[in-house]
Structure formats: structure tokens, C-alpha cells
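Novice: Protein chains in written order, with the numbering used here: chain A, 1 to 374; chain B, 1001 to 1419; chain C, 2001 to 2219. Here it is, the structure in full.
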Amino acid sequence: MSPLGLEEKMNRPADNTLRIALSDAGISRRDFLGFCATLAAAYALPASSVIVIAAALENASRTSVIWLSFQECTGCTESLTRSHTPTIEGLILEQVSLDYHHTLQAASGEAAERAREESMRANAGKYLLVVDGSVPLGNPGYSTIAGVSNFDMLMETAKGAAAVIAVGTCAAYGGLPAAQPNPTGAVPVSQLIKDKPVINVPGCPPIPVVITGVLAHFLTFGTLPELDGRGRPTIFYGESIHDRCYRRPSYDQGKFAESFDDEGARKGWCLFKLGCKGPVTHNACATTKWNNGVSFPIQSGHGCLGCAEPDFWDMGSFYKALSMPATPVRKAVAGAAAAGVGAGVAVAFANRAKKAAAKAAHETVKVEDLTKKP
Amino acid sequence: MSASLQRGVNAFKEVIDAPVAAFFASCVHCGLCAESCLFYTETGDPQYTPIHKLEPLRRVWQQEYTLLGRLAKLVGLAKPVTDAELAAWSPLVYDSCSMCGRCSMVCPVGNDITLMIRKMREGMAAAGHAPEGLVTATQRSIQSGSPAGVKWVTVQAQIKRMQKQFGIDIPVNLENADYLVLMSSWEILNYPEYLGSVGRILDNAGATWTLSEHAYEATNSGIQIGVSDLARELVGRIVKAAEDLKVKCVISPECGHAYTALRWEGPNLMGRRFGFEVKHILEVLDDLRRSGRLKLKGSIDKPLTYHDPCQISRRGGVHQQPRALLRQIAPQFREMSDPGVMNWCCGGGGGVSANERAEPLRTIAFKRKKAQIEKLGVNTVVTSCANCRVVIEEALEHYHMNIELLGLTELVAEHLAED
Amino acid sequence: MSGLELLTWARGPGLVLAVGICIFGVILRLIEILALGRQADLASPRQNSTGSGWRTIFTRSLPPPGMLRRAPLTYLGGYVFHIGMAIAVFFFVPHIELFRGLLGLRWPGLPNPLVDIASIAAIIALLALLVGRLVDPVKRLLTNAGDWLAWALTFVPLITGYSAYHHLFENYTLTLAVHIVSVELLLVLLPFSKLFHVFSLFIARWYNGEISGRKGVAS
């Protein structure tokens, strides 16, 4: 028996494991181990854990995942499933049993809802609930599925879930629907679910490998990764874009692009003046990047929108620097100036009246007046 | 009518104007004014910090003329100015300040603290907190025409003496003369040679001049005690005499505050411009020199220096003329440290010398001037203010300093190349 | 409230409020001071002294002869603090963007390391001046609560700005938000404290120079 019995585990045949899916898809074991190594590195685990992760992923029976989509744009799903060639990310999704997903499921109508209920019953207490989109608390009619309000469906489905993953800024923090004036009363998932572990995976959309990394952690260790004060995995959201941006030296040297596609922009200078919110945005974009590490917004010449932060739609213009006012100031200031003039003139009149009164009350001083009479 | 706190505070309210408000609003409590004030530098006592001397006035400004101050007063959060406080401030405003003006030159935010001391004295005096010596001097000025009680008969005696000593005629009440010559009590009593010197110089220059029986005293106690009503009466006597005699120019003597009173405050006290010019004797001498009507001969063969009277140099603007004159006759003229408009006060100006209560402090403050003289290492000091001369002479005695103190006008007359 | 929420508030309503109150207060106090007016000076000036007031606005920034030796800490500390703070406020590029947003004006900035040095110098100068104020007997007599408040209002923006730029605290967003809020506090209290000298000193110096210039003395 090998240490931890891993070899036996790994060689144990199973018809529903990732191992089969991998070889069917032509992904070599080397590539698969490479992916596990990436995950281990991301979680700052020692090299020895790569085998552990590989074994767990390979032999994990397919965890049931129910995916609820509320007030969302489907961008999160698009991001996760966008693949021209079979990617590991896509395969992880294959590894889970995605029992309910509006965009990806084959069934529709009553059949789809029955599939969801069936999965909830069969996997009670063990399934993962993934949510994208925010939940409207205003009028339930703003967003319903099969006539059931988002709120009711969320609360009902969460009852039997092992954990809830709020994917995308909408589910994590309210996102676009919650932007001022928040007409639907949109709220994040974490505001509603208090009795289950909730993990926020914000981003508009989130980076694909971030979501699969979270899933992989759960599949490997059966727990959610370490979360920060905002419920985000610190592994991916612990640092700001600014702190990892390759253009940071330009910021430090004071080299800024002044307008899109100007000389500074073409030289790859910092986009702070063009509104980049990198300094206050926490995500893995600057390191992990997008589309298998091809690029990320700043690299492509556009400032970070801050899309993984709450209320990023209300942070002032995307194209005004962080140090610029987020709301218009001129009118209010003009009003304040007018009020200042008014108040000043009023006080001026009062002052002059007082001085005139003092002058009028002046009694000519004579030498006798220089001493006090008892 | 009596002095009262109410009259005092009312006077404070009257004198506060835009400059005063700007000054109080700008003070950042840096304390640099203290470093420029000889009463602080020679005692190390922080209560002599110039801006601190104005604290009651500042509070009146705040409580009466600022929105926040008025609101604070309304809700009972303002500390009112009390009679006891003004009494406590009397030595600060009158004893430890000669209105020398150094603080006004130094304040980094530009405060003219001296101007504010002058204004604050209006309220202090109206509240009955001017020092006794100054009150007496002012009473004598108003009632007898001179703070020292010098009457016309005394002047007449000096006229006789000087006519004899200098061999000149001293006209009195002459109409249409070029110049009306004034004197200060100190000159009449202690340095009558001033009169003879002026007469000789003017005669030699071919100028006509006169004294006035009704206005021989230039010292203005009203300015020193800080009561414009009384200052106005005193200045008015000179103005009336000058206009009655139809003189072209009134010569302010070698007295500091006399010049300030007549030249700079005079028209504002009277509320109108004068029908004559006002010049300090040094200005007249320098005018004559430049127009060739004052020729000097000989020279003084010893190193000497010039003490700038505060009201003449820094507060009066007459600081180049004495040097131009001295350079004619003193090849060994040397400047002391901080010369010209930054020179240090003798300690006795602005009414301090008339204030017996201030004498101990004044004596200590003189150490600044003493240090200047000793550092320079000369034994002859020339000046052009009779009050400075009296104060310095007394101090030289006190400190056993072997220094010769000379008046500039007399020195010039001694070196006159007469035609 | 999270760091980002505070930051968005500080960049939005907080800024509007602070700038508004500041402008209101500054205009009120300027009128309050100037409207008291002053009597015309009937004494004829010694010479044509136009420009003396304006001249003194500049020259009064230099120490008069003999004074630097008497109070080196006050002068040097004052210079280093004011110049350092001016460089940090007006020549740090993100700040210039703020002014561009507020006023539509812009000007070239300095490289960040220079701004950094200026900020440190200003901070050290402020600390030295604080010690001076605690130790010097003249300053102790003059100092009141308003002076401590003014010092704090000036110090906190500098130290929080420095901390934010250098990511000295873990939560950068919160540090940045606190920095901006501290500046807004400074703006709100500026017209109503001794910090108003920022504006009123020009008036004071002008009067001083004008009064003295009429007499023929450059002050």
C-alpha cells in the first residue's frame, strides 16, 4: 500500500470520474497535473499537495450543483463557459453535476423545475448552490422564474445546500441592478442567507479560473477557501490591481497617459488619469489575467472599472481619476459662494451699524475723564 | 464725566477697522513678534509678547465683529472684557511698549501690531487705565501747553539766551515766513542749543522763519496716552497758529512722537489737509544740503554711530537724511548692528519715559541698546530725538557707560560753513 | 461603512459639502473683514508709494535682518512645512487631477519621489514645530485649543496621504478614504480657525506695506 493509499485510489476504476472525461477529451495527465499544480500554487500549498489535489479531483464523485440565475446578464456564465478549445475550467464544470442552469440545461419549463427539485431532494445537505444576479426585494414581480419570486426560490433552495457561492458582483454585492437609484430594491445574496456559508466571487464577470479554483478547493478539501471581511477568497482577492499591475512603475514615476491612444498610452504608461480604479479594486486580473492569461483591461489600454468592488457603478465616472470628484461640484459651490456673499453682506451691514453706533456713543474725552471718579 | 469700562469698550469698537480685523484674523501665534521686541528680549518674560498685549482688543473684535464671535456671545460662550482685565493690561500696553514699530516689521503674516497698540490705548485711556505719569503729562499739556508745564515765559528766557549765545535774532509771531519752528519740552529745558542751531542754519540758508507764542510745543501727549480727542486739541493749536501766521512749512523738532503726531496723524485728527507742509528738521536740513544752501566744513575725527529714533526712521521714513548729513562731517561714521529702519528702540518712546511706573522695566530694556553700542565699540553716539537723548543719558549714567551723546542738528550747526 | 463606501462618499457628497462650506466661510469672512473699511489717510504720502502693499505681500515672506538668528526653528520649520506641503498638494499628479476636476485648470506635476521627499520634510517640520510650541515660553503663553486643532487638521492629511501612497496600512481603500475625509475636515474648519491666515495674510501684508510705504519705509 502506498502512502495515503493514493495510488490505489487513483487506479480504482470509476465510470463517473474526471479521469475518463480527461482521456476522452485528449487532455494528457501531464496537463492535468499542471492544472493541479497551478491550483496548489494559488492556494500557497506545498508541492506535495499536488498529488492530493489530483487524487481528490479525479476520484471525487460528481458533486451536485444547482445554479440559480436572478437579476443577471448571463455574463458570468459566458465568462465561465467561453471556450473555443476544451479547457480545464470547462472540464471542472463537467466534473460537477450541473443539475440546474437556465442557459446550459437542455430541459425547460416544468421539466427543468422538476429536475431542480429532484436534485435538492436527492442531494439534501450536500449540493452546492451557485447564484448569479441580484435578488429584488422591491416588487417580487420584478424577477420571477416559473412564477416563483427570486427571493422565495433562493430561500427555498438554500435550505438544503452545503454552501452558497455568489458568483459575479451582482450576486456578491448587488451589482448593476443595485446601482443608484436601485429601482428594484436589489440586494446581494449574503444579505439574505445567514445560516449557510456564503462565498462571494465578485467581478463583472469574475475571472474563469477564480470560480473553478473555488470549486476545486471545495471538491478537494470539502471546505471553502479562506475568506476576507467581504466574503471573498483572499487567495484571489487579497491584493489590489494597483499592487500587481505591470504599469505600476509608470505610476510611481509619474508617467501617465493623458488620453486614449495618445503617446503615453501607446508607450504603456499608467492609466490613472483615464479613470483606472486599480488602487481600490481587489481581484486577480493583474496576475491571472483573462482568456488563459492573454490580457486584462489595463494591458489592453483601458483603465480598471473596479468591477469586483461593491457599488462600482456609483464610484463616479469610469473615466475620471480616483482623485477627481465623483459627483458634480460646480453648482453646489456656486450656491455656497452666493450664500457666503449673502451672509457676508449681512454681517458687514451689522458690523458697520455697530461701529456707527459706537461712534455715535462716543463722548469726547476730556482730561478729567482720564481718571475714574469714585 | 468719568472714565468707565463702557467708554473703554466703546472706544475699542470705534477703532476696529478692516486692517485690525485682517491682523487679528491672520495671527498664527508664532511668537516672532516677541523676538523683535526689546521688552521681551531683555527680560525673557513672555507676557511682553506684542500680540499678547492686544488680547482684550482682540476679544472685542471677535465678539462684536465676527459672525461666530457674535453667535458665541449670544449663547453665553464668550469671555467678556472686564475692568480688572484692562487694569492688568495697563502695564503691558503702556509700560512695555514704546510703539517703536519693530514688531510690525517682523510679523510674518504682516500684522501692524504698533498700529493696534495705538488704537487700543484709546480704550485703555477712556476706561481710566492709562498710567498716572502720562495722565499728568497730558493734563499739563492741555492746560498749560506743555507736558512738562513749560510756559511761554520759560521759552522767552531761552530765546534771550540763544540769541546771545548764537548771535542771531529769533523772530516770534512773524507772518508769511518760510518755516514755523516748533520745539519739544526737552529741547526747551535740556537742549536749548537746538533752537540756536536751527536759527543759525536757517539764517545762513537765507530762509525766513518764526516761533509762535501760541504753539511752541510739538510734543503730543494725546498721541502717547492714546486719546485722539486730546491729541486733536494739541495738534489743533499748532495748525491754527501755522495757518494764522500763513507759514509755508512747519518744522517738527528733534522729537519722535511730535513728528508722528503732526506729519502722519495730524490731518486725520483734524479731518482735513493742512494749508502748509510738515517736515522734520532733518528733512529740512537735507533739503538745504541738496539745494546747496547748507555747506558744511570740518570733520569729526572720532568714530561715531547713529541711533535711529523709532518715530523718525522706522515709523517716519526719515532715515537716509541723517546719514547723508553725517557723511558730510563724520568720515569715521559706523553703523551699529540692525541699522536704519530695523534699529532698536531706546526704550523710552511712546510715553514710556513719562511713566514712572515703567522706569525699572525701561532700564532693563535699555540693555539692548547698550549691547548694540558695546558691540560696535564706539564712544560717540549721535541721535535726533530729544526724548531719546534724555532716556539714553539717564541709562548711560545708570550703566556707568562712558559714551558721548550728541544731537545731530547741533552737530550740523557746529560745522556750518557760514557765508 | 466599508472603506470603499467611505471613499465614494468622500469623493462625492463629502467633497461637495466640504468645498461648499469652505467657500461659504471664506467669502463670509473676507467680506466681514473688508467691509469694516478704513478711513482715508489725509496725510500726504512722502512719495508715490503705489505697489508697496503688493510688494510687502512677497517680501514679508523673508525674515527681516537679524531675525533668523533669533528664531531659527520658527523660520526654518515654517519654510520647510509650507513649501513641503505646497509641493505635495499642488504638484502630486493625482492632486492635479483633482484640481482639474474642480477648476478645469491643470499644470505639470513633479515626479512622485520628489513629492515623497517634500511630504516627509513637511511632516518632520510639523513635528519639530509642535515640539517648539510645547517648549518655547512665548508660544506657550499664546497657544490655545485652536492652535492644537489647526496643527492636527494640517498634520493628519499629510500623514494619511503619505500612509496611503506607501500602502502603510493593510486597507489601502480605507486609508485613502480617511485621507480625503481629513482634507475635507480641514476645508470645513479653515475659514473659522487660524488657518484662515491662508487668505487673510494677503490683506494684512497689503495694509502693512501700504501704510508703511506712504511714509517711505519698505516693510
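The C-beta atom is built at its ideal place from N, Cα and C for all residues, glycine as well.
How is the beta strand (DSSP E) around Thr1383 of chain B delimited, first residue to last?
Specialist: Where Thr1383 of chain B is concerned, the enclosing beta strand (DSSP E) stretches over 1380-1383.
Novice: List the whole-angstrom C-beta distance separating Gly1170 of chain B from Ile1159 of chain B, where the pair is believed to meet the contact cut-off of C-beta under 8 angstroms.
Specialist: Reading off the sequence, residue 1170 of chain B comes out as Ile, not Gly. At roughly 5 angstroms, the Cβ-Cβ gap stays under 8 angstroms, so Ile1170 of chain B and Ile1159 of chain B are in contact.
Novice: If you follow the alpha helix (DSSP H) that Glu2210 of chain C is part of, which residue opens it and which one closes it?
Specialist: From DSSP, the alpha helix (DSSP H) with Glu2210 of chain C extends over 2197-2214.
Novice: Would Tyr1048 of chain B pass as an interface residue toward chain A - the criterion being a Cβ-Cβ separation below 8 angstroms?
Specialist: Output row for Tyr1048 of chain B: interface = no.
Novice: Counting only the same chain and skipping the five closest in sequence on each side, list residues whose C-beta sits under 7 angstroms from that of Pro206 of chain A.
Specialist: Cys76, Ser79, Val167, Gly168, listed in sequence order.
Novice: Between which residues of its own chain and Phe2155 of chain C is the CB-CB distance below 7 angstroms, once the five residues before and five after are set aside?
Specialist: If we look at Phe2155 of chain C and ignore the five residues flanking it on each side, its Cβ neighbours are Leu2126.
Novice: Suppose you measure from the CA of Arg1232 of chain B to the CA of Leu1269 of chain B; what does that come to, to the nearest Å?
Specialist: Rounded to whole angstroms, Arg1232 of chain B to Leu1269 of chain B spans 5 angstroms at the Cα level.
Novice: Considering only DSSP beta bridges, list what Asp132 of chain A is partnered with.
Specialist: DSSP lists A:Ser69, A:Val167 as partners of Asp132 of chain A.
Novice: Identify every residue that forms a DSSP beta bridge with Met1183 of chain B.
Specialist: Paired residues: B:Glu1217.
Novice: Name the chain A residues that come within less than 9 angstroms of Ser1197 of chain B, Cβ to Cβ?
Specialist: The premise fails here: Ser1197 of chain B is roughly 34 angstroms from chain A at the closest Cβ pair, so nothing lies under 9 angstroms.
Novice: Quick one: what's Asn200 of chain A bridged to in DSSP?
Specialist: Beta-bridge pairing links Asn200 of chain A to A:Ala166.
Novice: Could you list the residues in the stretch 1125-1137 of chain B with a C-beta less than 7 angstroms from some C-beta on chain C, going in chain order?
Specialist: For the stretch 1125-1137 of chain B, which is checked against every Cβ of chain C, not one residue is closer than 7 angstroms.
Novice: For His302 of chain A, return the contacting residues in chain B, with the cut-off set at a CB-CB distance below 9 angstroms.
Specialist: The premise fails here: His302 of chain A is roughly 47 angstroms from chain B at the closest Cβ pair, so nothing lies under 9 angstroms.
Novice: In chain order, what are the residue ranges of uninterrupted alpha helix (DSSP H) at least 4 long that sit wholly in the stretch 1301-1340 of chain B?
Specialist: Whole alpha helix (DSSP H) segments, 4+ residues: 1320-1329.
Novice: If you draw a straight line from the alpha carbon of Val1284 of chain B to that of Ile1251 of chain B, how long is it in whole angstroms?
Specialist: Approximately 8 angstroms, taken between the alpha carbons.
Novice: Taking a Cβ distance cut-off of 8 angstroms, strictly less, list which residues of the stretch 2078-2109 of chain C are near chain A, in chain order.
Specialist: Answer in chain order: Val2093, Pro2094, His2095, Glu2097, Leu2098, Arg2100, Gly2101, Leu2102, Gly2109.
Novice: Measuring CB atoms only, is the stretch 1286-1301 of chain B touching the stretch 1407-1415 of chain B, in the sense that at least three cross pairs come out at less than 8 angstroms?
Specialist: Yes, they touch.
Novice: Does Asn1379 of chain B get closer than 8 angstroms to chain A when you measure Cβ to Cβ?
Specialist: Judged by the 8 angstroms Cβ criterion, Asn1379 of chain B is not in contact with chain A.
Novice: Compute the Euclidean distance between the alpha carbons of Arg1140 of chain B and Glu1055 of chain B, then round it to the nearest angstrom.
Specialist: Arg1140 of chain B and Glu1055 of chain B: Cα-Cα distance of roughly 31 angstroms.
Novice: In whole angstroms, give me the CA-to-CA distance for Thr2074 of chain C and Pro2064 of chain C.
Specialist: About 13 angstroms.
Novice: I need the straight-line Cα distance from Gly335 of chain A to Leu1057 of chain B, nearest angstrom please.
Specialist: Those two C-alpha atoms are separated by around 35 angstroms.
Novice: Under the three-state reduction of DSSP, which class applies to Trp290 of chain A: helix, strand or coil?
Specialist: Strand at Trp290 of chain A.
Novice: Could you work out which residues of chain A lie near Met1001 of chain B, taking near to mean beta carbons separated by less than 7 angstroms?
Specialist: What Met1001 of chain B touches in chain A: Glu363, Lys366, Glu368, Asp369.
Novice: Mind checking which residues open and close the alpha helix (DSSP H) that includes Glu1175 of chain B?
Specialist: Run containing Glu1175 of chain B: none; DSSP gives neither H nor E here.
Novice: Taking Ala358 of chain A as the query, report the chain B residues whose CB atoms sit under 7 angstroms from its CB, ordered along the chain.
Specialist: By Cβ distance, chain B contributes Asn1010, Lys1013, Glu1014.
Novice: Using a Cβ-Cβ cut-off of less than 9 angstroms, list which residues of the stretch 2048-2075 of chain C approach chain B; keep chain order.
Specialist: Within the stretch 2048-2075 of chain C, the qualifying residues are Thr2056, Ile2057, Arg2060, Ser2061, Pro2063, Pro2064, Pro2065, Gly2066, Met2067, Arg2070, Ala2071, Thr2074, Tyr2075.
Novice: Roughly how many angstroms separate the alpha carbons of Ala1078 of chain B and Gly1196 of chain B, rounded to a whole number?
Specialist: If I take the Cα positions, the gap works out to 58 angstroms.
Novice: What are the start and end residues of the alpha helix (DSSP H) that includes Lys1079 of chain B?
Specialist: Taken as a continuous stretch (DSSP letters only), Lys1079 of chain B belongs to no alpha helix (DSSP H), as it is neither H nor E.
Novice: If you drop the 5 nearest sequence neighbours on each side, which residues of the same chain put their C-beta closer than 6 angstroms to that of Ala1125 of chain B?
Specialist: Excluding residues within five positions, the ones whose Cβ falls inside 6 angstroms are Ile1225, Gly1226, Val1227.
Novice: If distances are taken between C-alpha atoms only, which option among B:Ser1185, B:Glu1122, B:Arg1314, B:Gln1328 comes closest to Trp1427 of chain B?
Specialist: There is simply no residue 1427 of chain B to check, as chain B begins at 1001 and stops at 1419 in what is shown.
Novice: Look at the Cβ atom of Cys1255 of chain B, then the Cβ atom of Cys1385 of chain B, and state whether they are nearer than 8 angstroms.
Specialist: For Cys1255 of chain B and Cys1385 of chain B, yes; Cβs fall inside 8 angstroms.
Novice: Can you tell which of B:Arg1200, B:Cys1249, B:Pro1108 has its C-alpha closest to the C-alpha of Gly1167 of chain B?
Specialist: Ranking the options by Cα distance to Gly1167 of chain B, first place goes to B:Arg1200.
Novice: If I follow the unbroken alpha helix (DSSP H) through Asp99 of chain A, where does it start and stop?
Specialist: It is not in any alpha helix (DSSP H) - Asp99 of chain A instead sits in the beta strand (DSSP E) that spans 97-100.
Novice: Let me know the secondary structure DSSP gives Tyr237 of chain A once reduced to three states.
Specialist: Correct three-state label for Tyr237 of chain A: helix.
Novice: Counting only beta-carbon atoms, is Met1099 of chain B nearer than 8 angstroms to chain C?
Specialist: Judged by the 8 angstroms Cβ criterion, Met1099 of chain B is not in contact with chain C.
Novice: Within the same chain, show all residues whose beta-carbon is closer than 6 angstroms to that of His1400 of chain B, passing over the 5 residues directly before and after it, in chain order.
Specialist: Hits under 6 angstroms: none found.
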